[in-house]
Every structure is written in C-alpha cells, then in structure tokens.
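Peer 1: In our numbering, the protein residues as written are 10 to 134. Note that the Cβ used here is the ideal one computed from N, Cα and C, for glycine as well. Just so it is clear, the structure is predicted and the values come from calculations on it, not from any experiment. Have a look at this one.
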C-alpha cells in the first residue's frame, strides 16, 4: 500500500511539473503570430493589463516595436507612433508591456522583434 501511494505521488508531481513548462516554438512566423495573439489577448476584459488600463484611465493608439528573448522576457519596447494620447498614458502603457512576458519559449540565444498596434481608445470601459 505504501509503495502504491509513493508511486501515485511521484506520478502526480511529475505531471504537475510537466504541465508548468512553457511550450517551445521554433518557427519565426509562428513565434511572431503567437506574440501578436498574446498582445491582443492582454487587452481583453479580465486580464491584469486590461484592469490596469481601465483603472488608470490610459488612453491612446500606439504602434510599439517590442523585442523579446528566448525565455519570453520582453527586452525592449519602442514607441513607433502614437495618436490620441497623453505622455503619462504612453509611458505607463509602455512600462506595462515591458513588464509582461510571453507564455512560450523560443530557441536559445535568439531575440525576436514585432511591431504591433495597441488601441486603448477602443477598449470598453
């Protein structure tokens, strides 16, 4: 009985550890498409970024150039263009994007860059 319990516990711990691993993407097109999906999803109601945008009344439409590394860390955020905004909103939103992470891994030692449009004025408040 004790052996069975130990075996079951080991299996459950292994499954839990496997479930927490990030998915590894290797194709550049897939990585960039997935990053765009992640950014779009981050502006949907119920996400932490959405709640912060609404709470802090951030406004504007931004085209950001975002660079991210192999483990999903965002390394830089550059504002390509901005419309209908104030400087406080621009700086705060840029910081929010910089603090976020990609929920997947990429090939080691590689860095990717995407240009994405974020329209905070279109968010329902």
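(1) State buried or exposed for residue 127, treating a residue as buried only when at least 16 other CB atoms are found within 10 Å of its CB.
(2) In this structure, what does DSSP give as the bridge partners for residue 121?
(3) Out of 64, 75, 68, state which residue places its alpha-carbon closest to the alpha-carbon of residue 44.
(4) Output the distance between the C-alpha atoms of residue 91 and residue 103, rounded to the nearest integer angstrom.
(5) Pair every Cβ in the segment 84–99 with every Cβ in the segment 49–60, then say whether three or more of these pairs are closer than 8 Å.
(6) Is it true that the CB of residue 82 sits closer than 8 Å to the CB of residue 114?
(7) Just the Cα atoms here: how many angstroms apart are residue 96 and residue 47?
(8) What separation, rounded to the nearest whole angstrom, lies between the Cα atoms of residue 63 and residue 70?
(9) What residues in its chain sit with their C-beta under 6 Å from that of residue 41, if we drop five residues either side in the sequence?
(10) What does the Cβ neighbour count give for residue 85, buried or exposed, with the cut at 16 atoms within 10 Å?
(11) Could you check what DSSP says for residue 31 in three-state terms: helix, strand or coil?
(12) List the DSSP bridge partners of residue 131.
(13) Among residues of its own chain, excluding the 5 on either side of residue 6, which ones have a beta-carbon nearer than 6 Å to its beta-carbon?
Peer 2: A quick look at the data gives this:
(1) The residue in question, residue 127, is buried, as its Cβ has 16 or more Cβ neighbours within 10 Å.
(2) Answer by DSSP bridge pairing, in chain order: 77.
(3) Closest by alpha carbon: 75.
(4) So the two alpha carbons sit approximately 11 Å from each other.
(5) No, because fewer than three Cβ pairs between the segment 84–99 and the segment 49–60 fall closer than 8 Å, the two stretches do not touch.
(6) No, the pair does not count as a contact, with Cβ atoms beyond the cut-off.
(7) Cα to Cα, the separation comes out at about 25 Å.
(8) About 15 Å.
(9) For residue 41, where only same-chain residues beyond five positions count, the Cβ hits under 6 Å are 123.
(10) By the beta-carbon neighbour count (other beta carbons within 10 angstroms, threshold 16), residue 85 is exposed.
(11) Under the three-state reduction of DSSP output, residue 31 falls in the coil class, being neither helix nor strand.
(12) DSSP lists no partner for residue 131.
(13) Residue 6 lies beyond the residue range present for the chain, which begins at 10 and ends at 134; the question has no answer from this structure.
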